[in-house]
Structure formats: C-alpha cells, structure tokens
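Offset between the sequence shown (1-based) and the working numbering: plus 1101.
Using N, Cα and C, we set each Cβ at its ideal position, and we do this for glycine too.
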Amino acid sequence: MTTIAVITGSVRPGRAGSAVARWIAEKVNEVDGVDARVLELADFDLPVFAEEVPPMMAPAKDPAAVAWNKALAGFDAYIFVTPEYNHSVPGALKNAIDFITPSVLANRAIGLVGYSYSAGHRPIEHLRAILVNFTTGVVGPQVNLHLATDFAGGVFAPAAFHDGEVAALVKALVAQDGALAALR
Ligand SMILES: Cc1cc2nc3c(=O)[nH]c(=O)nc-3n(C[C@H](O)[C@H](O)[C@H](O)COP(=O)(O)O)c2cc1C
1102 MTTIAVITGS VRPGRAGSAV ARWIAEKVNE VDGVDARVLE LADFDLPVFA EEVPPMMAPA
1162 KDPAAVAWNK ALAGFDAYIF VTPEYNHSVP GALKNAIDFI TPSVLANRAI GLVGYSYSAG
1222 HRPIEHLRAI LVNFTTGVVG PQVNLHLATD FAGGVFAPAA FHDGEVAALV KALVAQDGAL
1282 AALR
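See the structure below:
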C-alpha cells in the first residue's frame, strides 16, 4: 500500500485548489494499492516563517508548524497541488515548505499538479527546483490543468484526457515509492 497526502497549495477562501485536490485524491483512490488523503494547507494557519533556527538544523517550534509536520509525517508519497501566482507557486505554499523538517520528506515519492491560465507549468518547474533541496524522488509525470478549459465558467470540469495524466502520475509514484522504501 502506498499512502499519499494530496496537499493544496493555496489558502484563500474560494480557492480552486480544494476542488482540484479532491478530484486528484478521488482519481488516485480508484487505483488498487494506494490510499490518498487531502491535506488542506489553510487548515494549519501557518504564520510567516520566523524560526530562530532553519528546519534542517532543528524542527520548527511554532505550534502550527509542529502540527503541519505531524500531519505530513508518515506518508509514503506526496502530491503538491499548486496554482500559479505571479509565474510561481503561492507564497503560502513556499512558506509551508520552508517549515518542513527535511526528514519528513526524505526518500519519499513526490508528484506535482499545477493549474493556471498557462496550465501550471511554471509553478511546477519552480517546485521541482525547490524540492530538490529535500532529497526526494519527484517523479516526471505531472498533471497540468488549464483555467480556461478545465474550469470553464468557474466550474471545475477537467477534460477526460487528464485521467490518463493522473494514472501515469500514480504509476510513477508507486514505482518510486517501491524503490525508495529501502532507503527510509
Ligand atoms: C496573487 C495572484 C497571482 C496570480 N498570478 C497568475 C499568473 O501569474 N499566471 C496565471 O495564469 N494565473 C495567475 N493567477 C490566477 C490564478 O492562477 C487563479 O486565480 C487560480 O484560481 C488560483 O488558485 P486558487 O483559486 O486555488 O487560489 C494569479 C492569482 C493570484 C491570486
């Protein structure tokens, strides 16, 4: 069994990210041998990172950060669902990643899902660069949703071809998890 946390990268009220994360978790859970659960970043109400010591030297002490790391810990794999804010990831997501104790993500499989008016390619590429600092296994297959076509009229209705993208993502995550499990 590969357990997967699906993390929403936006925290604003009315965010599209919740619908995307729920849909991803639903599709992932259709696959045998995986168990996905959504973690809403907004639920953790993280402050702006202002710890005295970087998390790579000591776990963050802020109670919200302790709860965030506790909720993240123990999954085999993670899927970050990110919108595009000013050609990158939302500050809230980068801030939340800054709070993560590196051992929590170490040797875990990671998948990326993006959405925007350019299908989330830029924030996904930025996430790849950020997450390389964590010694993880970020997989190549990704899901790119377009706000003009997959959210027509403001309603999330992803085109059918995205089902294949999700299937490829899950397959890669399960394989990566299998390979990395021995290193954890
Ligand atoms: C601060 C901000 C910056 C944004 N910048 C971009 C952008 O650079 N490119 C883009 O395609 N969409 C941009 N958007 C539109 C978002 O992708 C869109 O509002 C999306 O629904 C945001 O995700 P959320 O609803 O989960 O917060 C921006 C939105 C916000 C709030």
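In this structure, ligand 1 has no non-hydrogen atom nearer than 7 angstroms to the beta-carbon of residue 1266.
Only residues of its own chain outside the window of five on either side were considered, and among them 1120 have a CB closer than 6 angstroms to the CB of residue 1257, listed in chain order.
When distances are taken from the beta-carbon of residue 1113 to the heavy atoms of ligand 1, the shortest one is below 7 angstroms.
DSSP, reduced to helix, strand and coil, places residue 1133 outside both helices and strands of the structure shown, so it counts as coil. Considering only 1128, 1123, 1141, the residue with the shortest C-alpha distance to residue 1114 is 1141. For the pair residue 1254 and residue 1210, the CB atoms are not nearer than the 8 angstroms cut-off. With fewer than 16 other Cβ atoms inside 10 Å of its own Cβ, residue 1284 counts as exposed. When the five nearest sequence neighbours on each side are left out, the beta carbons in the same chain lying within less than 6 angstroms of the beta carbon of residue 1174 are those of 1205, in order along the chain. If you draw a straight line from the Cα of residue 1162 to the Cα of residue 1169, it is about 11 angstroms long.
Of the candidates 1154, 1273, 1110, 1110 places its Cα closest to the Cα of residue 1184.
Its chain contains 1190, 1195, 1198 as the residues whose beta carbon lies nearer than 8 angstroms to that of residue 1231, once the 5 sequence neighbours on both sides are disregarded; these appear in chain order. Put simply, the backbone Cα of residue 1277 is about 22 angstroms away from that of residue 1224.
When DSSP states are grouped into helix, strand and coil, residue 1245 belongs to the strand group. Residue pairing by DSSP puts residue 1107 in a beta bridge opposite 1139, 1180.
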